[in-house]
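Chemist:
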Amino acid sequence: MRFQRIREFFRWFYRYRSLRLTPEGVRFLLLTLAVGVAALNTGNNLLYLLLAMMLSLIVMSGILSEQCLRHLVIRRWIPDRVFANSPTPVALSLTNRKPRLPSFSLRVLDVVEGKTVDRGIHVLHLPAGASVTQSYPILFPRRGRHRIEGIKVQTRFPFGLFIKVAHVPVSSDLVVYPALQPLPEGFLHDLAVLGHDQAVSRRGQGVGLYNLREYLPGDDSRMIHWKTSARQARLMVRETETEDLRQVTLALPTAIPAGGQRFFEPAVSLTASLAVFFQEQGFAISLLVGEQEILYGLGEEHLYHMLHVLALCAPTLAEGSASGIPEGFGMLGERTMRGEITLVVLPWPDPPMQRLAQGVSRVFHLWEMP
Amino acid sequence: MTLERAFPVSSILLAGVGFLGLVLTGEIPGGLVLLGLASLVASATQAMALAGERLARQIARLSSATWNVFLLAVFVFFGADLLLISQDILPAAVHFLILLMGIKLFHLRQRKDFLQLYAISFLELLAAAALTVDLWYAGVFIAYVFVAIWTLILYHLRNEAEEARAAVQAGKELHDPSPIARPVTAQFFWTTNGIAVGSFCLTMAIFFLIPRIGAGFFQRDRVDLIRTSGFSEKVDLGVIGAVKLDPTVVMRVELPDQKAPIPEGLYFRGAAYDTYDGRSWANRLATRRLLGRTPDGGFMVPPDQTQALPESASVRQEILIEALDTTVLFGASFVESLKGNFVVVQRDGMWGLYLPFPSSARFQYSVRSIPGRLLEADRVAPSFIYPAFIREHYFQLPDTSPRVAALAREVTSAAPTPYGRARAIEQHLRQSYQYSLDVGTSVSADPVEDFLFTRKTGYCEHYATAMVVMLRTLGIPARLVTGFLPGVWNDFGNYYTIRQQDAHAWVEVYFPRSGWVTFDPTPSVPAAAPSVVWQSIGKIVDAIRLRWDRYVVQYSFHDQMAVAKSLRDRSETVRSTVSDFVSTVTGGLAAARAWLVEWARAGGWVLEVGLAAGALVIGMLFAVILRRRGRRQQQLDPRTPQQVAAVQLYSRMLRILEARGLQKSPGATPLEFARQVAREWRDAAPFVRPLTDLYCQVRFGQASFLSEETPKVHDLLARLRAVRR
């Protein structure tokens, strides 16, 4: 604990710095060395004077570049919703908190998974007390958890002999949702028909008339239909038909045999695209991903919850070419019978799953799709 | 002027400063100077877009092939220069650099062209350092530091702007307005100058700290030796006269222990002569011996066995001497010891000091001298019995006219003592003869007789020779000494500037107890008074030149050791002073305590009670004062202690977050900041939010901060500190 405190103290006291030479810096150092050797050989004090001048330039370069990098406050804003393979704008602000001294030639780099990525943010002059905000697009090729470990700020000021880099631990953790793909026209037509066929009228909250019946104690008095009550000479209440609450269940098995991984990502992407489509259509969506089940829900928050699960889902290796069927999958047929839309996305040929899928609304065989 | 326009101008200026350094060495042929100057002026007018730039533009439009031909011609010229014309690598390289600079000034297009120009200018400065050590180099160097800082910073900004522009065009970067297109602001100007000043100060600090361990190999003989007269083994009468109008500085002598010139005057002794053949002086005791070393590395001059033990205070001199064509080491009469960067020092039989060979460069050394003093016994003695050695060497006379001896007897007829006679002859020569450098062209058979009886004019050699001859005719041993008078005292540096024209000859007369005593029969001649202003300016410049030579050109390992030793001595002095002070204080406290104890013992129980009561009263007074101060503090700060505690805890939380890269901006409220933390560092949110809520409630909501909550708060802070980001 104590060592950790000491280490943190030094980290707080001295931010990580690195230094490397530019090509001009290499030549300058070689020339300095040559002058030093000449001065030592000849004992000429004027050569020592020139050597001292060159050494002082090196020292001044270090001091001024350090001043450029000190008291810089960097903030990064990443949108909460990031999709794979989709450029996402990230905002980065750089503030110079020095009261009098400007900073020059600042280049801001991201550190992602140990690699330095140049986003093209180059601030040539940042006056004292000034702030600059720039945005840049970021693209994640894969879904899942990502970590942007920090930011490196580098400068070559003042003489371009050295590149000094400051590592600022501004890390960001984010979950990248699966890439969305446009659904083909044929899909959309089939899905629209499916929804219509399986519509069932039920009593519930809504505006359409479902039934007129006699008033019972406890009924909402606002539901009394006065016209009918006047005709019938008794209190009649109006029952409404529930809004066309369409429900869809999306199912994606995760246990895969060896060799089936290559279809898993397209399957996840298709599942996510379906979820987005149905959410836009106002469906209540339930999601089955392997053993994990998300119950029906509506709205954007529910959608992003599902996307979060899809982002983090990982295939598990099944024994042989078939897999055991998760419990939730076994209920799919029942849901279909109840009038819900059930869609199964199969990344690979799985006979038990294929047999089960015969009782669902629609099965997508990824290995057959273009 | 925009920074973009200032950049080529400063680059050309940098080349110009380096070129100036070469020109001022005086080693560049006139044609090359003109060529270099023309190139600089033409390229500067082009860079500044001044009128008359048409020619420069026409030149700049020459094709690359043409420039390559020029370049080839320069290389051919370099080869010819090295093999046939200069036949020395350094001059040939310097000529080559100037021609290359001229070509490059009209070909400044790409980044590498500017870098090559900077390299050329630096090499020019380097070459100048090898060719000269004069004071003007300091001015050129300072100018170079300033211009180099400007140029390098502008070069860097320009490169960054060009790279950014290229990247924006390639779509790789986001646009940012370049500062290079903006005018030079006052802040940029003064900041850059401040950087230059800082760099210069750092340069001087590093210069003085770099250890001097160079062996001095491959050092170029860059200084022409100054021709002197009057210090060889044989000198003809009249040689000193040849240099009496030469203002060339020969040496500068500082008197570290004196702040004013010595009123009695000093004679900087060079060589002495004992044998006069009627036309020239020679030294029959020219055999040299090596001087022994002192413990501090100096050289001890053994006292002349014919001289009395010195009783007067020594005079310390720091002598910076030019490269002369003589091996003589000068010092005020009579040298006791000397110290310098010498391998060996020799002396002859008349205590003249010599190096084994002439120095090819300016050098410095320090001398300690004991002025000769005439003892009273010698002053009043009517006659002396001289040792055989003295009689053998210092009574020699050439065939001279009996008139000289007669004149000597006549002049000294009233003087009863040898000292009186010497003084009488000295006064007679001073008063009865006229000083003149214009001795005439006639060649006399006996210059002394000619001087004493015919011309009655002459200069120092004639006066001194006449006195020695006259004294020897009276049986008083004497010898001729050549050296330098002190010259002009420089108030600004507290040193003497000694020139060729200060070369002098005087007489040393032997007295058995006192040894050799200096006599000067030459009358002093008032010099023409120059303008006071110019004289002062000249002295200031000469003082700066001396400092430049002493502390830069001649700076050596010995100087570094001397500084280190001085610092060590000073730190020892400070340490002992502090130690003495502490001892004094503790001693005083111990004495006071002992007195109090004794007093208390003598006072008995009444005194003890009284003291206890007094202590109690003082304690109560302190308590009242502190309480009032606390109350006043509270009146100034209306916050309750709980609120203060909440602020402190919240501040600690902010410091922890700041160490993790999350800084609360001044405009953000505590809750806004807590939300920001939740977004950017989710793991810390469970600790930050409760702390923030507590802070807001206590600080702004007047809620109470119970003591039981303190451990909980500390625990939250500890867990926050432990979370890794």
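Listed in order, the protein sequences are those of chains R and W.
The opening residue of the first sequence carries number 6 in this note's numbering; numbering runs sequentially from there.
The opening residue of the second sequence carries number 5 in this note's numbering; numbering runs sequentially from there.
The beta-carbon is built from N, C-alpha and C at its ideal position, and this holds for glycine as well.
1) Under the three-state reduction of DSSP, which class applies to Y220 (chain R): helix, strand or coil?
2) Helix, strand or coil for V243 (chain W) per DSSP?
3) For A672 (chain W), name the three-state secondary structure that DSSP assigns.
4) Is W353 (chain R) helix, strand or coil by DSSP?
5) If you measure from the beta carbon of G125 (chain R) to each beta carbon in chain W, is any gap under 8 Å?
6) Using a C-beta to C-beta distance shorter than 9 Å, which residues of chain R count as neighbours of Y141 (chain W)?
7) On a Cα-Cα basis, can you pick out the residue from R:R12, R:L337, R:E244, R:G125 that is closest to A174 (chain W)?
8) Taking the continuous alpha helix (DSSP H) assigned at G302 (chain W), which residues delimit it?
9) Whose CA, out of W:P360, W:V339, W:L342, lies closest to the CA of V348 (chain W)?
10) Report the rounded CA-to-CA distance for E237 (chain W) versus G491 (chain W), giving the unit in angstroms.
11) 8 Å is my cut-off, CB to CB: does E71 (chain R) come that close to chain W?
12) Using a beta-carbon distance below 8 Å, is L206 (chain W) in contact with chain R?
13) Around the Cβ of R22 (chain R), are there at least 16 other Cβ atoms within 10 angstroms (buried) or fewer (exposed)?
14) With respect to the alpha helix (DSSP H) encompassing L308 (chain R), which residues constitute its N-terminal and C-terminal limits?
15) Suppose you measure from the CA of T644 (chain W) to the CA of K120 (chain R); what does that come to, to the nearest Å?
16) State the start and end residues of the unbroken alpha helix (DSSP H) segment that holds S110 (chain R).
17) For chain W, check one thing: does any of its Cβ atoms lie closer than 8 Å to the Cβ of G165 (chain R)?
18) Decide if N494 (chain W) is buried, meaning its Cβ has at least 16 other Cβ atoms within 10 Å, or exposed.
19) If S177 (chain R) and I83 (chain R) are in contact, beta carbons under 8 Å, what's the gap, nearest whole angstrom?
20) If you measure from the beta carbon of A171 (chain R) to each beta carbon in chain W, is any gap under 8 Å?
21) DSSP three-state call for E237 (chain W): helix, strand or coil?
22) Ordered along the chain, which non-local residues of its own chain (more than five positions away) have a Cβ less than 7 Å from that of L158 (chain W)?
23) Examine the Cβ distances between the segment 127-145 of chain R and the segment 88-95 of chain R and report whether three or more of them are shorter than 8 Å.
24) Kindly identify the DSSP beta-bridge partner or partners of L292 (chain R).
25) T445 (chain W) to V243 (chain W), Cα distance in whole Å?
26) Which residue wins for smallest C-alpha separation from S387 (chain W), given the options W:Y423, W:S405, W:S364?
27) What does the Cβ neighbour count give for E345 (chain R), buried or exposed, with the cut at 16 atoms within 10 Å?
28) What residue does the alpha helix (DSSP H) around M208 (chain W) start on, and which one ends it?
29) When we look at the beta-carbon of G22 (chain W) and count the other beta-carbons within 10 Å, is it buried (16 or more) or exposed?
30) Roughly how many angstroms separate the alpha carbons of L433 (chain W) and M58 (chain R), rounded to a whole number?
31) By the 10 Å Cβ neighbour count, where 16 or more other Cβ atoms means buried, how is N49 (chain R) classified, buried or exposed?
32) Considering N72 (chain W), what are the terminal residues of the alpha helix (DSSP H) in which it resides?
33) Anyone know if the C-beta pair for R517 (chain W) and D352 (chain W) falls short of 8 Å?
34) If we define contact as Cβ-Cβ less than 8 Å, is V78 (chain R) a contact residue for chain W?
35) What residue from R:Y309, R:S98, R:H310, R:D115 has the CA that sits closest to S136 (chain R)'s CA?
36) Identify, in the order they occur along the chain, each residue of the same chain with its Cβ nearer than 6 Å to the Cβ of A468 (chain W), setting aside the five sequence neighbours on each side.
Modeler: According to the data block:
1) coil
2) coil
3) coil
4) coil
5) yes
6) Think of a sphere of 9 Å around the beta carbon of Y141 (chain W): the chain R residues whose beta carbon falls inside it are L51, L54, in chain order.
7) Cα-wise, what sits closest to A174 (chain W) is R:G125.
8) Element bounds for G302 (chain W): n/a, residue is neither H nor E.
9) For V348 (chain W), the closest alpha carbon among the candidates W:P360, W:V339, W:L342 is that of W:P360.
10) 25 Å
11) no
12) Yes, its Cβ sits closer than 8 Å to a Cβ of chain R.
13) Label assigned to R22 (chain R): exposed.
14) 304-317
15) 51 Å
16) S110 (chain R) -> not in any alpha helix (DSSP H); beta strand (DSSP E) instead, spanning 108-117.
17) yes
18) buried
19) So it is a contact: roughly 5 Å between Cβ atoms.
20) No, A171 (chain R) does not count as interfacial toward chain W.
21) coil
22) L7, A10, F11, S14
23) With a cut-off of 8 Å on Cβ pairs, the segment 127-145 of chain R is in contact with the segment 88-95 of chain R, counting three or more such pairs.
24) R:L255, R:I299
25) At T445 (chain W), the pLDDT of 46 sits below 50, so the modelled position is not reliable; the number obtained from the coordinates is stated separately. Rounded to the nearest angstrom, the two C-alpha atoms are 14 Å apart.
26) W:Y423
27) buried
28) 190-213
29) buried
30) 59 Å
31) Around the beta carbon of N49 (chain R), 16 or more other beta carbons lie within 10 angstroms, which makes this residue buried.
32) 68-84
33) no
34) Yes, V78 (chain R) lies at the interface with chain W (some Cβ there is under 8 Å from its Cβ).
35) R:S98
36) L484, A509, W510, V511
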